[in-house]
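> The opening position of the first sequence corresponds to residue 146 in the working numbering, with each subsequent residue numbered one higher. Below: one structure in C-alpha cells.
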Amino acid sequence: MELAAKYNAAEVEDKWYAYWLAHKFFHSEPNEKDPYTIVIPPPNVTGILHMGHVLNNTLNDVLIRNARMHGKNACWVPGTDHASIATESKVVAKLKAMGISKEDIGREEFLRHAWEWKEEHGGIILQQLRKLGCSCDWDRTRFTMEPALSEAVINTFVYFYKKGWIYKGVRMVNWDPEALTAVSDDEVVHKDTQSHFYHLKYFISDGQGNPTDKYLVIATTRPETIMADAAICVNPKDERHFWLKGKKVLIPLINREIPVIEDDYVEMDFGTGCLKVTPAHDVHDYEIGLRHNLPVLEIIDDHGRLNEKAHILVGEDRFVARKKIVKMLEEAGNLLKVEDYTSPVGYSERTNAVIEPKLSAQWFLRMDTLAKVALETVKSGRTKFIPERYVNTYRHWMENAHDWCISRQLWWGQRIPAYYLPNGQFVVEATPEAALEAAQAICPDIKAEDLHQDEDVLDTWFSSWLWPISVFDPEMPGHPDHKPNKDLSYYYPTSDLVTGPDIIFFWVARMIMAGEEFMGREPFSNVYFTGIVRDKIGRKMSKTLGNSPNPLDLIETYGADAVRIGMLLCSSAGNDIFYDEAQIKQGAAFCNKIWNSYRLVKGFSVDPSVAQTPAAAAAIRWFDAKLSETVALVEDHYRKFRISDALMAIYKLFWDDYCAWFLEAIKPAFGQPVDPETYRATLGFFEALLKLIHPVMPFITEELWQNMEERQEGETIMYAAAPTVKPYAAGTLVDFELAEEAVNGVRGIRNQKNIGPKETLELKVKGAFPASVIPVIEKMGNVSMETVDGFGDAQGVGFMVRTYEMFVALSGLVNVEEEIAKLEKDLAYQQKFLSGVRGKLANERFVANAPAAVIENERKKEADSLSKIESLESQLKVLRNS
RNA sequence: GGGCGAUUAGCUCAGUUGGUUCAGAGCACCUGCCUUACAAGCAGGGGGUCGACGGUUCGAAUCCGCCAUCGCCCACCA
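As C-alpha cells, this is what we get:
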C-alpha cells in the first residue's frame, strides 16, 4: 500500500474504531488477570461534549489503554447521569416554548416528556466519546435512572432510613425560587454582591400600638422583609441599648408591635447594634427565634414574591418590593440613611437565582459517622489524592459536614419512597406493596389508594454516590448483607478516578462514604484531580463568552490523536489548563512526523549482501539503551500521574532521538539498500515507539502497526505488550552523547562560517575518544575524523566536547582576530569559574562539612577547568603566532 | 473572616531528600536552508540576578520568617 505524503486522520480513525468495536476489544469480563478499573464520571445524560470532557476522558483513556498494554484486565465503565435539576429545567424550558407548564400537565405526563427528551438527546455525548477514541466497555453502559440503578437508590434510602440516619425535618433550607426546589449547601455559590445597607427607624410603641417620638435604628440589606420581623434584638451587654429593655417597637409602614429581646448573637460593633429578627427569612434569625420562642411569619412565597401576609406590596417580586419599600420608608420618614455595602450573597449554582432561605420540610441524611469514616479512608492513604493538597480541602469539609439535604422538589429523579397515611403518619418502604403492608400494621383497614407517596425526588448525587458499586452490582448498595456478585467482587475497588476538583464534595467524598458503608472499603485507590479548562488568556470556557471550541470540529480538522495530545501537552495534575489551538496543531504535526518517519523506513530496500555500517551498529546499540532509559522514565511518570511529562518524554524520544539522530545515522545513501540487521532493528524500534505512544495516540499507532506487516484479523496494537526496560551499559548513552555534541559543534562551525552541509571537513580530536561512535560523527557531521596528539599549527577552529579538545581544520576561512576574541572570552569565563571552584576548596568549613562526593566533584571541576584553560591558551598561542 | 496553593525565559510549566557546569523543557522568537521521509520540515541561535526583603548554612530556585501580587476552597456579622 502506497502511503500518502501527509497523514489523513479522518480516513483512518473511523475505520479502526469500528474494527475495535467489531472485535469487542474494549469489553472486559472477570478473569485470572489483575483488574484495572475505571468508572467514568458520568456526564449529564443530555449534555454535549465540551473541552473539559475531552481532557478528562482523554486522561481516562490513556490510563486504561496503558494498563491494558501492561497486561491488566482493563475495564472502563461508561454511562450517564440523569442530572435531575439540569435535565428537568431543560424539559421545562422546552415545554414552556410550547406554551405548556409542568403544573398543567401533571407529574406523569411531564415524566413522559422528560423520558422522550432523554431518548432523543440522551447518550449523544457517549457517541462523541467514541470519536475521541475512548475505549469504554460499551456493553456495560449504565444510566443512573435505569430501573436497576433506581432500585439501588430506593433501597439505599430505605436502608439509611431504617438505620435511623435519614430523617424528615422542617429546616431552613436553600430555596431556589427559579427551579422551585431546595438545593444542598454545596449547590449554593457565595458571591460578593454590591448592595445597600438601609438604616431604618423603628419607633417605640406607647404600649397601645401608637408610636412615641423615641426610636431605635436597625441596619438591614433586606428592607422588604421587615413585615416578617418578629423582634428587635440587641446584645445584653450593650450599654447603649439598656433603655430599650422591655420596650416594644413598631414595624414601619404596617405598625405591628414587636418586642425588643437580648441575645449574645448580636455583635455590638456591627451596624447599629440593633438587629431585626426575621425568623422565616434568615437562617440565624430562625435560630434566634427558636431560642426566644418567636413566631415565624413567612411573607415570601416559593417564587420569591411577597404574599398576603406581608400586607403591603403583595404579589411583588422580592427585588421589586425592595426598591418600592425603600421609597415608601423614605416617604414615611423611617429611612435614616443608605450606605453602599458589599456582602456575600448566595446564588444557586444551577440557575444563578439568589437563594432564598426558606423554612420547609425536607429529608436529610446524617453525615457524622459517614464523614468520619470517609475522612479516615483518605487520611490513611487507602485512597490517595493527586495532587496531595486536596487532602486538606477534603479534611476541612469532612470535619464540618452538615447533614445532607437529599430531597428535591422536582419530578425527574428517584421519588422518595415515603408513603403517607391519611392521619399524616408515614412509612418508608422500597415498594408500594411493602408500604401498604407496613401501613396496615399501623392502621389495619387502610387500602392502597389511601396511601400517598411523597412528592419529592432525591438529589442526583444520592444516586451517583453509588456509581462505583451499582454499575457492577445494583443489588448491593441497599443490601449490605447481599453477597457481591462476580463483577463487583472482581472489579471493586476500582483503580483510579479522574475528575475535576469542583465535585470533590458532591461526588468524590460521597462515593467514599457509600463505598465504606456498603463495601467496607474505599471505592478507588487514586483520585486524580484535573484542572479547569480555560482559554489561553485564562478565562473559564463558557457558552456566553463563546470561547469554547466544539471538540468535534477540532477532531474533524486535526484528528482525534492531535486533539488528545494537544490537551495533554499542557496538563499537569491539578493545574488549570490554558487551552490553545496551537497545542493541537503541535499534536497534528507530531502525527505527521510519525507518519513520515514510517514512510522513510518503509521505503528502505533491503539487501542481504550489504554489510552493516559501523555507524548503524553504534546507533542501534545506543538507541536500544535510550529506549530502555526512556521507558523507565515514562513508567515513573505514569506512576506519579505526570501524564504530560510521560508524553513529553516519548515525544522527544520519537522526534529527537529516533528521527533526528537514529534514522539519520542508519539512513543509507540515496538509492542505496540497507542491510537486513539494521532494517530489523529500525522496524523493531519503530514498533516499540508505536506501542509506547499508543495510549495517547490510539488511531495513528494502530494504522501504522497494522501496516508494518501482515496482521491477522483480530490482532491489535491495543493488546500488544508495552515495551520493557532492558539492562544496558551506562557508557553506551554517554558515548553517543559525546558524538552528538561533537556533531553539534561541527554544525555550529558550519553555520558560523557559512559552510554547506555537503562539504566534507576534517575533524581532529585530542586524546582517547570512544572509537565506536566516531563513524556516527563522520556520518552526521560529514567529517573525516582522526585522533591526534596535538593540533600543530594548522589553521582552524577549536571547540570542547566535555573534556575532549576538537579541532576543525579550515584553511583560509578563519578570521584570526575573531577567533582570538572568542577564545579570550572563553578563557576569561574559565578562569572566573576556576577561581570560584578554588575558593570553595580553600574554604576550610566547606572541606570540613560537605560530603566527600561533593568535594570530589569540586576537585574534578577544578581539573577539568585547568585542562580547558590549558587548551584555550595553547590555541591562542597558535593563533597569535600565525 | 479562615484555610490552601502559586509566583522560575515572551507563553505554559519541570526542577524529586539543599551540593554533578543547575538555572531546564515544550511552544513562541531570531538567523540560514524548498538537503530526494516530513516547510506540519531541517540546522543553528538569543533569552531568566528563580516575586521583594531578611535569616539559617561552607553552600539556597530549593529550608525558615515577613511582605507583595494572583488564584482556589470554605464561611451566618444583619
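Think of the CB as a built atom: it goes at the ideal place given N, C-alpha and C, for glycine as much as any other residue. In this text the structure is predicted, and so the values were computed from the model without any measurement.
Compute the beta-carbon to beta-carbon distance between residue 448 and residue 373, rounded to the nearest angstrom, for a pair I have assumed lies under 8 Å.
Going by Cβ atoms, the distance from residue 448 to residue 373 rounds to 16 Å, so no, they are not a contact pair.
> Please say whether residue 950 and residue 928 have beta carbons closer to each other than 8 Å?
no
> Going by DSSP, what residue range makes up the beta strand (DSSP E) through residue 489?
480 to 493
> Quick one: is residue 195 buried, meaning 16 or more other Cβ sit within 10 Å of its Cβ, or exposed?
buried
> Helix, strand or coil for residue 974? Go by DSSP, reduced to three states.
helix
> Kindly list the residues whose CB is nearer than 7 Å to the CB of residue 902, restricted to its own chain and excluding five residues on each side of it in sequence; keep chain order.
895, 927
> Pull up the distance between the alpha-carbon of residue 953 and that of residue 937, whole angstroms please.
Distance between the alpha carbons of residue 953 and residue 937: 12 Å.
> Which residues does DSSP pair with residue 671 in a beta bridge?
Paired residue(s): 529, 641.
> For residue 839, which residues from the same chain have a beta carbon less than 6 Å from its beta carbon, with the 5 sequence-adjacent residues on both sides left out?
Hits under 6 Å: 846, 862.
> Is it a yes or a no for the segment 527 to 540 touching the segment 646 to 655, going by three-plus beta-carbon pairs under 8 Å?
yes
> Once you ignore the five residues that flank residue 277 on each side, which residues in its own chain have a CB closer than 8 Å to its CB?
Here the set comprises 194, 199, 202, 203, 206, 696, 700, 705, 708, 709.
> Confirm, please, whether the CB-CB distance from residue 828 to residue 746 is below 8 Å.
When the beta-carbon positions are compared, residue 746 and residue 828 come within less than 8 Å of each other.
> Nearest to residue 694 by alpha carbon, out of 723, 165, 983, 667?
723
> Closest by CA to residue 240, which one among 271, 524, 227, 259?
259
> Return yes when the Cβ of residue 154 is within less than 8 Å of the Cβ of residue 189, no when it is not.
no
> Per DSSP, which residues does residue 313 bridge with? Please list them.
508
> I need the straight-line Cα distance from residue 687 to residue 678, nearest angstrom please.
10 Å
> With respect to the beta strand (DSSP E) encompassing residue 218, which residues constitute its N-terminal and C-terminal limits?
218 to 222
> Using CA coordinates, which residue listed in 816, 805, 156, 716 is at the minimum distance from residue 1096?
There is no way to answer for residue 1096, as the model of the chain reaches only from 146 to 1027.
> What does DSSP give as the partner residue(s) for residue 502 in the beta ladder?
319
> Is there contact between the segment 577 to 589 and the segment 612 to 629, where contact requires at least three CB pairs shorter than 8 Å?
In this structure the segment 577 to 589 does not lie against the segment 612 to 629, because fewer than three pairs of beta carbons, one per stretch, are closer than 8 Å.
> Using the three-state DSSP reduction, which class does residue 590 fall into: helix, strand or coil?
coil
> For residue 814, tell me which candidate among 285, 171, 262, 924 has the shortest Cα-Cα distance.
Distances from the CA of residue 814 to each of 285, 171, 262, 924 were compared; the closest alpha carbon is that of 924.
> Exposed or buried, what is residue 370 when buried is set at 16 or more other beta-carbons lying within 10 Å of its beta-carbon?
buried
> Could you pull out every residue in the same chain whose Cβ sits closer than 7 Å to the Cβ of residue 460, ignoring the five residues on either side in sequence?
Result list for residue 460: 450, 451, in chain order.
> Any idea what DSSP makes of residue 564, helix, strand or coil?
Residue state, collapsed to three classes: strand.
> Keeping to the same chain, check which residues put their C-beta closer than 6 Å to that of residue 712; ignore five residues upstream and five downstream.
199, 200, 203
> Checking 8 Å against the spacing of the C-beta atoms, do residue 377 and residue 403 come in under that value?
Yes.
> Run through DSSP, which three-state label would residue 258 get?
helix
> Determine, using beta carbons only, whether residue 498 and residue 368 come nearer to each other than 8 Å.
no
> Give the straight-line distance between the Cα atoms of residue 537 and residue 502, rounded to the nearest whole angstrom.
29 Å
> Just how far apart, CA to CA, sit residue 626 and residue 535?
33 Å
> Hey, how far is the Cα of residue 236 from the Cα of residue 550?
24 Å
> Run the CB neighbour count on residue 857, radius 10 Å, all protein chains shown included, and call it buried at 16 or more, exposed below.
By the C-beta density criterion, residue 857 is exposed, having fewer than 16 other C-beta atoms within 10 angstroms.
> Can you list, in chain order, the residues of its chain whose CB lies under 7 Å from that of residue 1015, leaving out five sequence neighbours each side?
none
> Report the three-state DSSP secondary structure of residue 347 (helix, strand or coil).
strand
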